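Visitor: Just so we're on the same page, our numbering is the position in the sequence shown counted from 1, plus 50. Just so you know, even glycine gets a beta-carbon here, dropped at the ideal spot from N, CA and C. All of these numbers come straight from a predicted model, not from anything done at the bench. Take this structure first; my questions come after.
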Amino acid sequence: MIGYVTVGTNDLEKAGKFYDELLGVLGAKRVMETERFIGWGTGPGAPMLLVMKPYDGKPATVSNGVMVALHAGTQANVDALFNKARALGGPDEGAPGIRMGTFYGAYSRDADGNKLCFFIM
């Protein structure tokens, strides 16, 4: 149902490097790119993650309560994504573990402070 999710950035080059490495863990690659945004996906028709400079020209800010959840496929990928995000400077917002029932997740943030969840169910 979701086609793509966009998070804002104030430094497209820095954000691009962060997500190249992070999303590479899932086999995602850059599939769209302009001077204002970069989009990553795993294949044609698959949902994408876009990092974009705001259209209005104002600084990108983090919205309280907004989070992008990335389905990791395996528990090992949840752990790998969390560890990669931490290695890239993302803070520990919740180490990998069972949260409820069969939900296994971990939380960090990107270089602009956008909250990320890596999970499987």
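May I have the straight-line CA-CA distance separating ALA161 from VAL118, to the nearest angstrom?
Guide: Whole-angstrom Cα-Cα distance: 14 Å.
Visitor: Can you list, in chain order, the residues of its chain with a C-beta nearer than 6 Å to that of LEU100? Leave out the 5 residues immediately preceding and following it.
Guide: Hits under 6 Å: TYR54, THR56, PHE87 and GLY89.
Visitor: Taking GLY107 as the reference, give the member of ARG149, ARG159 and GLY58 with the closest Cα.
Guide: Looking at the Cα atoms, GLY58 is the closest of the given residues.
Visitor: Just confirm the distance between the C-beta atoms of LYS165 and VAL75, as a whole number of angstroms; I'd bet it's less than 8 Å.
Guide: Not quite, the Cβ-Cβ distance comes to about 18 Å (not below 8 Å), so this is no contact.
Visitor: Take the Cβ of ALA79 as the centre, count every other Cβ of all protein chains shown within 10 Å, and call the residue buried at 16 or more, exposed below.
Guide: The residue you asked about is not Ala; residue 79 is Lys in the sequence shown. It is exposed - the Cβ of LYS79 has fewer than 16 other Cβ atoms within 10 Å.
Visitor: With distances taken Cα to Cα, identify the nearest neighbour of ILE52 among GLY95, VAL116, PHE169 and GLY139.
Guide: Among GLY95, VAL116, PHE169 and GLY139, the Cα nearest to that of ILE52 belongs to GLY95.
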